[in-house]
Amino acid sequence: MAERPAARWLLHHHHLLLLLFFLVVALSVAGRCRAHFAFPLRVSSPVAPDGSVAPTPLFLKPPGGDGTGSPPEKAAGLAFASEPGGAVNLVAMVDNLQGDSGRGYYLELLVGTPGQKLNILVDTGSSNFAVAGAPNTDVSSYFDTEKSSTYRSLGIEVTVKYTQGSWTGTLGTDVITMPKGINGTYTINIATIFQSENFFLKGIEWQGILGLAYDTLAKPSSSVETFFDSLVNQARIPNIFSLQMCGAGLPVSGTGTNGGSLVLGGIEPSLYKGEIWYTPIMKEWYYQVEVLKLEVGGQVLNLDCKEYNSDKAIVDSGTTLLRLPEKVFQAVVEAIIQTSLIQEFSSGFWRGTQLACWDKTEKPWTFFPEISIYLRDENSSRSFSITIFPQLYIQPVLEVAPNLGCYRFGISSSNNALVIGATVMEGFYVIFDRSQKRVGFALSTCAEIDGSPVSEIKGPFTTADVAGTCASTVFLHESLLWIVSYTLMSFCGLVLLVLIILLLLPSWCRHPYTDSDIVNDESSLVRHRWK
Ligand SMILES: *[C@@H]1O[C@H](CO)[C@@H](O)[C@H](O)[C@H]1NC(C)=O
Ligand SMILES: *[C@@H]1O[C@H](CO)[C@@H](O)[C@H](O)[C@H]1NC(C)=O
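Mapping of the sequence shown onto mature numbering (1 follows the signal peptide of the UniProt record, and there is no 0): residues -30 to -1, 1 to 501, in sequence order.
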């Protein structure tokens, strides 16, 4: 009888769902309990150069509107190079970027026929290529499709949301050329933005965005071939690009531009020193990596390593700061306070609403600790650490008051990811090796201030002291309620389904909800809420 298997199926999955529900409740309770005991290890006092205590800084509100106040989220840089079918001339792409961590690193492109010159933000945390397609108060120029003989509209509207800001545009195709990139003309998908919110900001010098992440993140769907995939297919360059952002120690959102390099199709040896250390890409959507531990001033934070990857850890040139999951953020701030020797510290500084200012003659960097991020090596029983010195995360801002040097905190909290943003990337030459599904880090030749390095890479270390996997395979942390509601909804759906099956059409039981449906719904939900 047809009802028999259906009944058995229900019984089976009923238990599974109940089990899942109780598991979720149990984990949530466990998570909460753990939270109470999650504090950083006691951090030993650092050795101040002269044994002194740091002078208490003055805290100032950042001047409004220039992007130094609330930490801007977007920043990045980009570039290209190659000869179709031939060897890529990587050197030609050195120094093809301009910008800074505060407002982003951008590459010059010529879009359409004849080419319209536009500056394009380099963003490894999204996957659409989009340019201003209409006048906007915050952009100096835009792409006028009417003036391009090669523009083709696809007539599809697309909206992309970022951590900060969003835009809506029309999908189309056109050709681009890269003055400092790969020679040749390439046809690419392009969204022309006709409406945006908090996307183009005052003072930015770019008019478009180049999303260099995987097509999984492309909107409205992954069938929109990404700029880089088009380039790899048409120019036949290797499926790899690398990024050097050169803003270390320079004022964020300054008047000048700091430069950098986006090397398309390879690794340029003159941009790094020492070895390249590679960490596997966990999943090809963002450049998701696995963070194993964090150290502040040489002391390991006493947190479950899953906290560092909640609900993912990504490398994103389009994010200005180092962003840490709230619990990790609190632990890091606590550890920095204990290590910094600074007696009184305004919470506004840590939250990004205040600047810390010292007398111009004072260099506050000596009073802050180094921060190390441990990443899993390609050999999974090993790890390596990338270390940023305070020069990278205590960031000078342009002159606010005479005789005072003011700084902002280059780390902020996040509710859905650990983001290795420009703050960290400015210390390294970062290789996005898509062909081998790995991200490489090497010491950047421009990560120096007055001849002294501001970053460090060390390894290998054993991973015997960390869990087999630190990446959250399930979206436990922020999505508990969603899981519960999905579970309950699925259960109700099941009951309803079974009623229908029993009463009407027994054959429907061949297409029941499955566990993988639930997982898929959940992950796309998470994906859409972030970028
Ligand atoms: C592009 O062509 C110019 C002139 O032939 C050459 O100097 C340059 O190296 C080429 N660039 C790349 C990236 O191949
Ligand atoms: C991985 O690392 C471990 C520990 O250093 C070492 O014993 C092992 O040989 C390595 N495996 C490979 C394949 O290199």
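Yeah, the Cβ is synthetic: ideal placement off N, Cα and C, and Gly gets one too.
Query: Contact test: residue 203 Cβ vs ligand 2 heavy atom, cutoff 7 angstroms; Result: no
Query: Length of the line joining the Cα atoms of residue 22 and residue 78; Result: Low confidence applies to residue 22: its pLDDT is 45, below 50, so where it sits in the model is not reliable enough to give any reading.
Query: Where the alpha helix (DSSP H) containing residue 318 begins and where it ends; Result: 317 to 320
Query: Beta-carbon gap between residue 234 and residue 342 smaller than 8 angstroms; Result: no
Query: For residue 153, the three-state DSSP class (helix, strand or coil); Result: coil
Query: Three-state secondary structure assigned by DSSP to residue 250; Result: strand
Query: Those runs of the beta strand (DSSP E) which lie wholly inside the stretch 319 to 347 and span at least 3 residues; Result: 325 to 329, 341 to 346
Query: Beta carbon nearer than 7 angstroms to a non-hydrogen atom of ligand 2; Result: 349, 351, 352, 430, 432
Query: Cβ-Cβ distance between residue 92 and residue 144 below 8 angstroms; Result: no
Query: N-terminal and C-terminal residue of the beta strand (DSSP E) that residue 233 is part of; Result: 230 to 234
Query: The stretch 161 to 172 contacting the stretch 201 to 217, beta-carbon criterion three pairs below 8 angstroms; Result: no
Query: CA-to-CA distance, residue 271 to residue 393, given in whole angstroms; Result: 20 angstroms
Query: heavy atom of ligand 1 below 7 angstroms from residue 62 C-beta; Result: yes
Query: For residue 154 and residue 205, the rounded distance between their alpha carbons; Result: 8 angstroms
Query: Check: residue 81 C-beta below 7 angstroms from any heavy atom of ligand 1; Result: no
Query: Three CB pairs or more closer than 8 angstroms across the stretch 279 to 297 and the stretch 87 to 101; Result: yes
Query: Span of the alpha helix (DSSP H), counted from its first residue to its last, around residue 304; Result: 296 to 310
Query: Residue nearest to residue 58 in terms of C-alpha spacing, selected from 218, 292, 207, 422; Result: 207
Query: Cβ-Cβ distance between residue 338 and residue 345 below 8 angstroms; Result: no
Query: Alpha carbon of residue 546 to alpha carbon of residue 361, nearest angstrom; Result: Past the edges of the chain, shown from -30 to 501, lies residue 546, and the structure says nothing about it.
Query: Residue 242 - DSSP class collapsed to helix/strand/coil; Result: strand
Query: Test item: CB-CB of residue 241 and residue 228 under 8 angstroms; Result: no
Query: Residues near residue 123 by beta carbon distance below 8 angstroms, same chain, minus five either side; Result: 115, 140, 141, 142
Query: For residue 424, the three-state DSSP class (helix, strand or coil); Result: coil
Query: Exposure of residue 295, with buried meaning 16 or more beta-carbon neighbours within 10 Å; Result: buried
Query: Residue 65 and residue 231 closer than 8 angstroms at C-beta; Result: yes
Query: Closest Cα partner of residue 217 within the set 467, 436, 439, 397; Result: 397
Query: At least three beta-carbon pairs within less than 8 angstroms, the stretch 406 to 419 to the stretch 248 to 258; Result: yes
Query: Same chain, Cβ closer than 7 angstroms to residue 113, five either side skipped, listed in chain order; Result: 81, 82, 86, 88, 101, 102, 103, 162
Query: Own chain, CB closer than 6 angstroms to residue 358, minus 5 neighbours either side, in chain order; Result: 341, 394, 397, 425
Query: The beta strand (DSSP E) enclosing residue 136, as first and last residue numbers; Result: 136 to 147
Query: Chain D within 8 angstroms of residue 209, Cβ atoms only; Result: Within the model displayed, chain D is absent; a lone protein chain is all it includes.
Query: Residue of 128, 61, 214 minimising C-alpha distance to residue 151; Result: 61
Query: Where the alpha helix (DSSP H) through residue 204 begins and ends; Result: 197 to 205
Query: Closer than 7 angstroms: residue 152 CB and nearest ligand 1 heavy atom; Result: yes
Query: Assigned secondary structure, residue 360 (DSSP; H/G/I helix, E/B strand, else coil); Result: helix
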